[in-house]
Amino acid sequence: MRAIGLCAIAIAVGIAPARAQQDTRYAEEPTSGLDTPLTPLAGEYDAMAVVANPAGLRFLRGRHVGLLLHVDDDAEATSAGAGYGGYASAGVQSRLVPPMGIGVGLEVLRPARAALLPDPGEPVRLSLGSALPIGDAAAFGATYHRFFDSGGPLDGVTTWDLGLAARMGPRFAAGFVVRDVGRPSVDGVPVQRRYEVEVATRPTGTDRVELALGGRFGETRLDIDGWLRGSVRVARGVWLRSELVAQRLNRVTATPGGEVDDGVYEARVTAGVELSFGRTGALGTGTFAGNLDGGDAHPLAASVYLRVSDEQRPPVLGERERIAKFEIGGALSERALTATVSALRDAARDDAVRAVFVHVDDVQVGWSGARTLRRALQRVREAGKPVLAYIVAGNTRDYYIASAADKVWVDPAGGIRLTGFAATVLYFKELLARVGAEAQFERIEEFKTAPEAFTRTGPSQPALAMRESLYDDLYATIAEDIARSRGIAPARVRELIDGGPYTAGQLADLPELVDGVVEPDKLGDAVRAALGRSLPFGPRPLRASDRWHHPTIAVIYVDGDIVSGRSRWIPLLGRRLAGSETLAAAIAGARADRDVSAIVVRVDSPGGDALASEVIAREVKKTRGVKPIVCSLGDVAASGGYFIAAGCDRIFAEPTTITGSIGIFVGKVDLSGLLSRLGITWHTYKRGRAADRDSYFRPYTDDERRAVKRQIRYYYGRFVDFVAGNRGLTPEQVDDVGRGRVWTGRQAVDVGLVDELGGIGDAIAHAKRAAGIPDGVPAQLRDLPDTPLGLLNRLLGAPALGRGDAGALAPGVREVLRALPASMWAESGRAHGRPQARLPFDIVWD
Numbered sequence: 001m002r003a004i005g006l007c008a009i010a011i012a013v014g015i016a017p018a019r020a021q022q023d024t025r026y027a028e029e030p031t032s033g034l035d036t037p038l039t040p041l042a043g044e045y046d047a048m049a050v051v052a053n054p055a056g057l058r059f060l061r062g063r064h065v066g067l068l069l070h071v072d073d074d075a076e077a078t079s080a081g082a083g084y085g086g087y088a089s090a091g092v093q094s095r096l097v098p099p100m101g102i103g104v105g106l107e108v109l110r111p112a113r114a115a116l117l118p119d120p121g122e123p124v125r126l127s128l129g130s131a132l133p134i135g136d137a138a139a140f141g142a143t144y145h146r147f148f149d150s151g152g153p154l155d156g157v158t159t160w161d162l163g164l165a166a167r168m169g170p171r172f173a174a175g176f177v178v179r180d181v182g183r184p185s186v187d188g189v190p191v192q193r194r195y196e197v198e199v200a201t202r203p204t205g206t207d208r209v210e211l212a213l214g215g216r217f218g219e220t221r222l223d224i225d226g227w228l229r230g231s232v233r234v235a236r237g238v239w240l241r242s243e244l245v246a247q248r249l250n251r252v253t254a255t256p257g258g259e260v261d262d263g264v265y266e267a268r269v270t271a272g273v274e275l276s277f278g279r280t281g282a283l284g285t286g287t288f289a290g291n292l293d294g295g296d297a298h299p300l301a302a303s304v305y306l307r308v309s310d311e312q313r314p315p316v317l318g319e320r321e322r323i324a325k326f327e328i329g330g331a332l333s334e335r336a337l338t339a340t341v342s343a344l345r346d347a348a349r350d351d352a353v354r355a356v357f358v359h360v361d362d363v364q365v366g367w368s369g370a371r372t373l374r375r376a377l378q379r380v381r382e383a384g385k386p387v388l389a390y391i392v393a394g395n396t397r398d399y400y401i402a403s404a405a406d407k408v409w410v411d412p413a414g415g416i417r418l419t420g421f422a423a424t425v426l427y428f429k430e431l432l433a434r435v436g437a438e439a440q441f442e443r444i445e446e447f448k449t450a451p452e453a454f455t456r457t458g459p460s461q462p463a464l465a466m467r468e469s470l471y472d473d474l475y476a477t478i479a480e481d482i483a484r485s486r487g488i489a490p491a492r493v494r495e496l497i498d499g500g501p502y503t504a505g506q507l508a509d510l511p512e513l514v515d516g517v518v519e520p521d522k523l524g525d526a527v528r529a530a531l532g533r534s535l536p537f538g539p540r541p542l543r544a545s546d547r548w549h550h551p552t553i554a555v556i557y558v559d560g561d562i563v564s565g566r567s568r569w570i571p572l573l574g575r576r577l578a579g580s581e582t583l584a585a586a587i588a589g590a591r592a593d594r595d596v597s598a599i600v601v602r603v604d605s606p607g608g609d610a611l612a613s614e615v616i617a618r619e620v621k622k623t624r625g626v627k628p629i630v631c632s633l634g635d636v637a638a639s640g641g642y643f644i645a646a647g648c649d650r651i652f653a654e655p656t657t658i659t660g661s662i663g664i665f666v667g668k669v670d671l672s673g674l675l676s677r678l679g680i681t682w683h684t685y686k687r688g689r690a691a692d693r694d695s696y697f698r699p700y701t702d703d704e705r706r707a708v709k710r711q712i713r714y715y716y717g718r719f720v721d722f723v724a725g726n727r728g729l730t731p732e733q734v735d736d737v738g739r740g741r742v743w744t745g746r747q748a749v750d751v752g753l754v755d756e757l758g759g760i761g762d763a764i765a766h767a768k769r770a771a772g773i774p775d776g777v778p779a780q781l782r783d784l785p786d787t788p789l790g791l792l793n794r795l796l797g798a799p800a801l802g803r804g805d806a807g808a809l810a811p812g813v814r815e816v817l818r819a820l821p822a823s824m825w826a827e828s829g830r831a832h833g834r835p836q837a838r839l840p841f842d843i844v845w846d
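Counting along the sequence shown from 1, when you hit position 639 you're at 639 in the working numbering, and nothing is skipped either side.
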């Protein structure tokens, strides 16, 4: 960069000989600021967007800083653009405001004053800009300028620029700017308003080749300028840039008869080389000019531009090799899980990442989420990169994730609570009887055991058989996965689990489980020994994209109990409610959005309101054939959750997913006995024999029970027909695997309810292929629906809350409340008496 600066100074010195006539000056807008050759109005933006096109600030990611030095030949100068300046801009992402951009510029102008009319003085220009989005691909921006010149002609002058910017797919972009909107006066002469427009194209869709055509129109003098701009990436981190400008010079010449105002056209050719060093870079340019009426070409100007930004461009010297470090712990929401898996996939593809270090600490996900994380680590290993894991005090789930690594180390002060898992189901029949209440439910069929929590004191034989089969398969998967990673037999894994928990001292003698007990301050030595060399730990850089537009895959999260209306959040209980209105709108919007190439529906829900589930499922069905729609099943995707999944083109599930439960139940709790004990009496006024059928103040009659059974059989038939029609099965086949029965993901593949084993990453990869997106083209993920939270919850950070957020409640109270289906009590009476398509039990993992 120092060499580039010296070259610029040499050019400036070399163009010193005077050529201009002493009696000729050039009328120019003194408010224009520094000349910024090769700076685009359309397409790609950096810190200088604040003065080039303020709308471009919207497209920035992270922080950007730029320093510009521009020198002119004083004798040949025709503008007030010489001097030096600094610029700082940033893209702003916040939960409280839409994505926007802000910027500031400070320019010290040192023009060739004797050649210009009016005299621009030697001012300092302060620029403040901001931009707001117009949809996803366009923006509007404004920049305020103020001049300071200690009594000079521009001192105190203020003016505004307005800009528009748009990116139309990967190949086309446009920018439009109005300069000096208010037409300020300088030395009593109004500055003319200018209109500038530029259209840019990237024929290959990347920054390998870029071409632009632009023009400028002056409102007062009616001068028209035009330019062609081009850029070619000739090697990694090296761009050759050029620009050809044809502009009208407003020349004022003093003669014995007075001043003569005429104009000539001048051609300017600017060429430059830009080098990237990662987060920093440099651009050096030189400009030659000549009059189109036959004047000789001559050197005119030179500039050097230095940039620093959070975004890293491919460096000319190559990226520094590093170890990517990941902290995986705490409550991971579905969105956080997707982001973590995506980051691990990026690390597997990143040539600069030579290894991955992961610190696993109390990961609060279900077993499907745990296996998804585990598979992401395995993919890093499959890419030929070692994975190193560290546990301080972990449980079975933590160890299950970490065991996918090449090396597993544990803190000597900690250990591993390797004890397996337990699932508890609560039963409330005796509690209800003691208070004088009675639960009355009808269901389809014997495996739809959700009502048993209120009508029995323990599991029925079908429920017991189903759950034993379910947990046997889950346990077998966990043991087999650990055994495969650690190179031991599954039977030995079971023995080790039965022998747990283990202190670090015990683990030191169990190389089957861990590869060492390591003090935190000795981890560096252990990592160096494992890799055979020393590498720095480095965060994942914010990489600048070589594209204006990426194909978009919408990931729509069905997270929580399914209810009618809007999605919402119950902080006290840590419960999310997936609203049919919110989710149906998200699916319909993604289907209609031309920028969305494919949709992935991520279901982590036990189900809920049957009608609400079908409303969402209908939107899924409408999307098939319009664009690819793929389903990824999370920890639990059962009953109403599976109803939604069934309409997708393809369904992915982890072996440890809990799914199926094709069945319906409905019911109520008769509180008449409880109220009588409390001395409460009542009288019901009704018109219509069944008007109070679903009342809590009386039991069902025999006729009403038969009517309820007919009702849920109708809904069950709709459920079965929907699954059969979308899964290529007969209604009889669906009924055979339905009847409320729950399956693991591995079992669901065998019975035809799931197409393929895999996690959210696999579903996204399939959606990308189905949309025809080439392997080398990255796709951006758009999480939908937008988090449905109010301002208070946004300020408190509720979107980041995960599965364990009811910790403020006593454990017993928390488990009782979690066992009550939210879809039955959280809808303010709207779902009263409605059939429920819900998992027949809540899993409370210990």
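For each residue, glycine too, the CB sits at the ideal point set by N, CA and C.
Let me know the secondary structure DSSP gives residue i once reduced to three states.
| i | result |
| --- | --- |
| Arg540 | coil |
| Ile323 | strand |
| Leu377 | helix |
| Asn53 | coil |
| Pro835 | coil |
| Ile134 | strand |
| Thr220 | coil |
| Gly500 | coil |
| Met860 | Residue coverage of the chain in this structure runs from 1 to 846, which leaves residue 860 outside it and unanswerable. |
| Ala737 | As written in the sequence, residue 737 is Val, which differs from the Ala given in the question. Residue state, collapsed to three classes: helix. |
Taking C-beta to C-beta, are residue i and residue j nearer than 7 Å?
| i | j | result |
| --- | --- | --- |
| Ala617 | Gly647 | yes |
| Gly175 | Leu41 | yes |
| Arg307 | Asp35 | no |
| Thr503 | Gly415 | yes |
| Gly141 | Ala55 | yes |
| Phe652 | Asp509 | no |
| Gly43 | Leu67 | no |
| Ser676 | Ile760 | no |
| Val353 | Gly329 | no |
| Ala450 | Phe665 | yes |
| Arg494 | Ala479 | yes |
| Tyr26 | Leu249 | yes |
Roughly how many angstroms separate the alpha carbons of residue i and residue j, rounded to a whole number?
| i | j | result |
| --- | --- | --- |
| Asp72 | Glu122 | 14 Å |
| Tyr390 | Arg484 | 19 Å |
| Gln22 | Val252 | Note that Gln22 scores 44 on pLDDT, short of 50, meaning its location in the model is unreliable and no value can be drawn from it. |
| Ser597 | Ala765 | 12 Å |
| Ser303 | Gly205 | 29 Å |
| Ile658 | Leu470 | 8 Å |
| Asp635 | Ser605 | 8 Å |
| Thr78 | Val380 | 58 Å |
| Ala289 | Ala301 | 9 Å |
| Met168 | Arg782 | 18 Å |
| Tyr195 | Thr270 | 22 Å |
| Phe697 | Ser403 | 55 Å |
| Val749 | Lys686 | 50 Å |
| Gly284 | Leu228 | 19 Å |
| Ile570 | Arg576 | 6 Å |
| Tyr400 | Ile482 | 6 Å |
At a threshold of 6 Å, does residue i count as lining the ligand ATP (C-beta to nearest heavy atom)?
| i | result |
| --- | --- |
| Ala770 | Annotation note on the ligand ATP: not contained in the displayed structure, which lists no ligands. |
Exercise. Counting Cβ pairs, one atom from each stretch, are 3 or more of them under 8 Å apart for the region 212-220 and the region 51-61?
Worked result: no
Problem set entry | At least 3 beta-carbon pairs within less than 8 Å: the region 585-599 vs the region 529-541 | no
Exercise. Are at least three pairs of beta-carbons, each pair with one atom in the region 510-520 and one in the region 125-138, less than 8 Å apart?
Worked result: no
For this session: Scan the region 669-698 and note each continuous alpha helix (DSSP H) run of 4 residues or more that stays entirely inside, going in chain order.
Result: 672-677
Problem set entry | Start-end ranges of the alpha helix (DSSP H) lying completely within the region 503-572, minimum 4 residues | 504-507, 523-531
For this session: Count the CB pairs spanning the region 671-685 and the region 367-383 that are closer than 8 Å, and state whether there are at least three.
Result: no
Exercise. Would the region 185-201 and the region 518-536 be scored as touching if the rule is three or more Cβ pairs under 8 Å?
Worked result: No: fewer than three Cβ pairs fall under 8 Å.
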